[in-house]
Every structure is written in C-alpha cells, then in structure tokens.
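Chemist: First residue of the sequence shown: 379, per the working numbering; consecutive thereafter. Backbone N, C-alpha and C define an ideal beta-carbon position, used for all residues, glycine too.
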Amino acid sequence: MLFPSYRPEEYTGRGDKYLKEISNELRRIIAKKQNSFSDKNLKLNSQNLRKIATCLTEFGEDIHNEIGIWNSLISRGSPLI
C-alpha cells in the first residue's frame, strides 16, 4: 500500500509530498515499539506495518484537512472501520 500506487492523481495538495515520509516514519516507530511486545501474536509483519502506517497517515491527513472521508465511513457503519 504505497501512496503513489493508489491515490487518484486529481486529488493532490501541497502537503502530499510529506505523506510518504510521514508514513515511513510512522512505520518505523510502530516496528520499533512492537519489539517490546512479549506476545508475538501482537506483532505485525512488514506488509501489515506498511498498511497500518498508511491508514493512520491518511486518517491524520483527513482530520487535518477536514476532508470528511472518515466521518462518512463512520456514519454509514462501514465494515472498513
């Protein structure tokens, strides 16, 4: 799940150039933190680390820019949430 591979080209903004860097740093933080988990079942593999970091980055982007995507998913009871 990489930003350039699935984000629509027509939806771009000035801050988009930072999103990949933010996502990568968040992935590193989560990976480092999960090393302290005693239960191996709580640890994410690298693919799932990328996915959660991307999801959290986009959640932050949505909140910061008041886009409303997450609110619409929540209000409709989306199974993705």
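1) Once you ignore the five residues that flank LEU434 on each side, which residues in its own chain have a CB closer than 7 Å to its CB?
2) In chain order, what residues of the same chain lie with their CB nearer than 6 Å to the CB of ALA431, ignoring the 5 residues before and after it?
3) Kindly list the residues whose CB is nearer than 6 Å to the CB of ASN443, restricted to its own chain and excluding five residues on each side of it in sequence; keep chain order.
4) Report buried or exposed for GLU399, applying the criterion of at least 16 other Cβ atoms within 10 angstroms of its Cβ.
5) Determine whether the beta carbon atoms of LEU427 and ALA409 lie at a separation below 7 Å.
6) Could you tell me the alpha carbon to alpha carbon distance between GLY446 and SER424, rounded to whole angstroms?
7) Can you tell me whether DSSP reads PRO382 as helix, strand or coil?
Modeler: Let me lay it out:
1) LEU404
2) SER401, LEU404 and ARG405
3) none
4) The residue in question, GLU399, is exposed, as its Cβ has fewer than 16 Cβ neighbours within 10 Å.
5) Cβ distance < 7 Å, so LEU427 and ALA409 count as in contact.
6) One alpha carbon belongs to GLY446, the other to SER424, and they sit about 29 Å apart.
7) The predicted model places PRO382 with a pLDDT of 48, which falls under 50 and marks its position as unreliable, so this point remains unresolved.
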